[in-house]
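See below for the structure under consideration.
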Amino acid sequence: MTSTSPAKMRSALTATELKLRRQQRRGAAIRYAVLLVFGLIMLYPLIWLIGASFKTNSEIFSSPSFWPKEPTLDGYINGWQTSTPYTFARFFMNSALIIIPKTIGTAISCVLVAYGFARFEFPGKRILFGTVIATLLLPNVVTRIPQYLLFRDLGWLDSFLPLWVPSAVAGDAFFVFMLIQFLRAIPRDMEEAARVDGANTLQTLVFIVVPMLMPAIISVCLFQFMWTMNDFLGPLIYVSSVENYPVSLALKLSIDTTEAFDWNQILAMSVLTLAPSLLVFFVAQKYFIEGISTGGVKG
Amino acid sequence: MADLQLKTVEKVYGSGFKAVHGIDLTVEDGEFMVLVGPSGCAKSTTLRMIAGLETVTGGEIRIGDTVVNDLVPGKRGIAMVFQNYALYPHMKVRRNLSFGLKLKREPQQKIDRATNEVSGILEIEELLDRLPKQLSGGQAQRVAVGRALIKSPEVFLFDEPLSNLDAKLRASMRIRITDLHKRLRDEGRPATVIYVTHDQVEAMTMGDRICVMKDGHIMQVADPVTLYERPANAFVAGFIGMPEMNLAPAELSADGAPVITLAGQTIRIGAGLAERLTRSDGPVTFGIRPQHVEVVPPGTADALTGTIHNIEFMGHEVNLHLTIGNTNFIAVVPNDKFDHSMKRGDHAALRPNGARVHLFDPSSDQNISLGH
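Residue numbers (the UniProt record's numbering), protein chains in the order written: chain A, 1 to 299; chain B, 1 to 372.
Structure below.
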């Protein structure tokens, strides 16, 4: 038997360690290369969109590269003016007039309804909750015509009201459900402590429940913001005059009105339309992920 | 400060389950009352009814001169410390403490003064600007006590406040809470405390009086010494004391002195029992604490002989487990008096101290050896 000296053992250890480290580094390089390639493939249409928005109309169809040869802002300037009496500023304003009351209304109403379902016992609770979940399962198209007739009778056609009022009174069962699941994961002790401290139901909700529910509420607002920003069908059905068009409809406008499409203008305005959603998402990303993961997993 | 009275208080849940069976309890002004019992004995439910977090389905709860059955928790003049602290996670310690006073719209100056005073008493001044998640268990517990203390309530309610702490911290918090109670009493503003625990050590060391509960009934309310020395029934006898009291079915008869027949062995109980008995013969449950028997050689007169099946060395004392008939008996012997040559399988005998023997009626479980 030969005895191994400590020095030898050390060098042997270091050699194994080095080998392991090399392997790890190679593994990481391969992983990142694969991720990069797939990431680029998925992002390419978006990158191309941004590049093409700075091209001239003729270059869009002549060169497959996303990098403009002669970058120009014409698409943005002319696209912003539109072929109507209104600029895109008007359409963005219209979108904001729908999104802001809708998002705020959704947050407030859904929290109230979810709090009621998650924390209180009242007669008919099971049936009411079943109804809420049933509307979640109902395909949207089924309710289109009755809704249209209802809003027509209310005289709400060609206004923003049909687009935000239903959501602002907790009409979106998905958000109610999501908040209920999130609330169920929060222990009741804090609320009981608040009641012992002298808080009434509304104070408990505002001072204790809402702060703890904040990640979920932010997720709700983000979802609502993005879905509304991208909603095309709703405005198409209820909004008829151009002055009331939100951006999603206004984009289609540029395709309709001219015979030879100015694609660079359309693409430029598409980029601007995407910007708010992306911006909001990246700013609130942390809460967004926290919100959906907690709401989903612990429910 | 005020006293607290429960009069035939009942709790029946919607499912029809009766959790609390018409209990009566009076807690004096400034008294430290411990509710203790095994899990499911409704001690927490009782506390939550006093707090107003559970509805009372029958009877009356009175704090001072006010019937509080239908008052919301905030109007009852109570403060509560929860098992898992229930600190508001998004508020710093300072706001956690002052939240109750803020809701009452107390002037800011008064709130600041109270916050400083309470944080001084509980030594949490350095923690005031931290969030609850930045606190250790013991610190969070102190903040939770502070949040109750700052309101100067009529009655303090504690719901197993120490059960989430490790053994060492639990011992120090126990002393801290009893010290605080004494201190408030000495300062002339005594605090009435209802303290729920399942831990009999906490109950015995902290309570002025202890209320032992089982299945929604009160088994006995007494000071710690009385509970230990004069348990009203077999449940209390078995629940209070470590290791628990030895209890075995036996037959009582009288032959001058009381005679017990247990597992086929007949022993005469010496002085100290006869004058306490409320009946002289019939079937009984024989009870003797492990500390109140003497280990004697097998075959000794008036001692119960059995087989040793376990010997636990505890350091200062030894727990000797014997099987007598079908019943396990434990004897606690001081280490220096223990015969270390004994081993498993050996025979040994236990001679009960007559003055310390308890006899219970097997049908009602009531103690029949408490005297007239």
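All C-beta atoms, glycine included, are put in the ideal place defined by N, C-alpha and C.
Keeping to the same chain, check which residues put their C-beta closer than 6 Å to that of residue i; ignore five residues upstream and five downstream.
i, result
"G295 of chain A", "Confidence at G295 of chain A is low in this model, with a pLDDT of 41, below 50, so the placement of that residue should be treated as unreliable; the coordinate-derived value is given next. Taken in chain order, the residues that qualify are M178, Q181, F182 and A216."
"N310 of chain B", "H321"
"F54 of chain A", "P68 and P71"
"T178 of chain B", "M206"
Would you mind working out which of the options sits nearest residue i, comparing C-alpha positions?
i, options, result
"M219 of chain B", "B:I78, B:D112 and B:L25", "B:L25"
"F158 of chain B", "B:K168, B:L169 and B:R142", "B:R142"
"N164 of chain B", "B:K151, B:Y85 and B:L180", "B:Y85"
"V201 of chain B", "B:K343, B:G37, B:G22 and B:S15", "B:G37"
"V357 of chain B", "B:P334, B:E294 and B:T327", "B:E294"
"D223 of chain B", "B:A274, B:N233 and B:V212", "B:V212"
"T197 of chain B", "B:G14, B:L4, B:F32 and B:D336", "B:F32"
"S50 of chain B", "B:D166, B:R113 and B:V193", "The question names Ser, but residue 50 of chain B is Ile in the sequence shown. Minimum Cα distance to I50 of chain B is reached at B:V193."
"M342 of chain B", "B:T55, B:H21, B:P362 and B:P297", "B:P297"
"R90 of chain A", "A:G124, A:I133, A:L154 and A:L251", "A:L251"
"M269 of chain A", "A:G51, A:A28, A:R21 and A:Y32", "A:G51"
"A301 of chain B", "B:G22, B:L350 and B:E106", "B:L350"
"L101 of chain B", "B:K151, B:H347 and B:G40", "B:K151"
"D29 of chain B", "B:P190, B:K133 and B:H292", "B:P190"
"N230 of chain A", "A:I237, A:L249 and A:S240", "A:L249"
"N335 of chain B", "B:I324, B:H316, B:T323 and B:H347", "B:H316"
Take residue i and list the residues in its own chain whose beta-carbon comes closer than 8 Å to its own, dropping the five residues that flank it on each side.
i, result
"K102 of chain A", "L163, W164, S167, A168, Q224 and T228"
"V259 of chain B", "L252, S253, T266, I267, R268 and I269"
"V220 of chain A", "T106, A107, C110, F175, M178, L179 and G291"
"K298 of chain A", "The pLDDT assigned to K298 of chain A is 31, lower than 50, so where the model puts this residue is not dependable; a value taken from the coordinates is nonetheless given after this. Within the same chain, K298 of chain A has close Cβ partners Q181, F182, R184 and A185."
"L112 of chain A", "A170 and L205"
"L213 of chain A", "V111, L179, F182, L183 and I186"
Give me the Cα-Cα distance between residue i and residue j, rounded to the nearest whole angstrom.
i, j, result
"F156 of chain B", "R147 of chain B", "11 Å"
"L149 of chain B", "G234 of chain A", "56 Å"
"I210 of chain B", "A203 of chain B", "7 Å"
"I308 of chain B", "Q366 of chain B", "30 Å"
"S119 of chain B", "Y88 of chain B", "17 Å"
"I61 of chain B", "T115 of chain B", "31 Å"
"V283 of chain A", "P276 of chain A", "11 Å"
"N56 of chain A", "L73 of chain A", "The question names Asn, but residue 56 of chain A in the sequence shown is Thr. C-alpha separation (whole angstroms): 9 Å."
"A250 of chain B", "E312 of chain B", "27 Å"
"V236 of chain B", "F360 of chain B", "11 Å"
"L71 of chain B", "N200 of chain A", "12 Å"
"R94 of chain B", "K19 of chain A", "54 Å"
"Y13 of chain B", "D166 of chain B", "34 Å"
"I266 of chain A", "G39 of chain A", "25 Å"
"A194 of chain A", "L47 of chain B", "17 Å"
"N69 of chain B", "T55 of chain B", "8 Å"
"S15 of chain B", "H181 of chain B", "39 Å"
"V210 of chain A", "G198 of chain A", "17 Å"
"T2 of chain A", "A171 of chain B", "With a pLDDT of 48 at T2 of chain A, under the threshold of 50, the modelled position of that residue is not reliable, and no figure is offered here."
"N353 of chain B", "M314 of chain B", "23 Å"
"L253 of chain A", "F66 of chain A", "25 Å"
"K75 of chain B", "L202 of chain A", "16 Å"
"V20 of chain B", "D215 of chain B", "8 Å"
"V67 of chain B", "S39 of chain B", "28 Å"
Use the C-beta contact count for residue i: other C-beta atoms within 10 angstroms, 16 or more gives buried, fewer gives exposed.
i, result
"G345 of chain B", "exposed"
"G188 of chain B", "exposed"
"Q23 of chain A", "exposed"
"D129 of chain B", "exposed"
"T285 of chain B", "buried"
"L184 of chain B", "buried"
"A42 of chain B", "buried"
"E275 of chain B", "exposed"
"R152 of chain A", "exposed"
"R113 of chain B", "exposed"
"D172 of chain A", "buried"
Looking only at its own chain, which residues have a Cβ that is under 7 Å from the Cβ of residue i, when we skip the five neighbours before and after it?
i, result
"F338 of chain B", "V318"
"Q83 of chain B", "D159, E160, P161, S163 and N164"
"residue 373 of chain B", "Given a span of 1 to 372 for chain B in the structure shown, any question on residue 373 of chain B remains unanswerable."
"L53 of chain B", "P73"
"R31 of chain A", "none"
"T205 of chain B", "R174"
"P362 of chain B", "P249, P283, V284 and T285"
"Q291 of chain B", "V332"
- [ ] Count the CB pairs spanning the stretch 327 to 335 of chain B and the stretch 227 to 246 of chain B that are closer than 8 Å, and state whether there are at least three.
- [x] yes
Task: Any 3 or more C-beta pairs closer than 8 Å across the stretch 90 to 100 of chain A and the stretch 241 to 249 of chain A - done: yes
Task: Three CB pairs or more closer than 8 Å across the stretch 79 to 86 of chain A and the stretch 142 to 152 of chain A - done: no
TODO: Taking 8 Å as the threshold, find out whether the stretch 124 to 139 of chain A comes into contact with the stretch 61 to 71 of chain A through three or more Cβ pairs.
DONE: no
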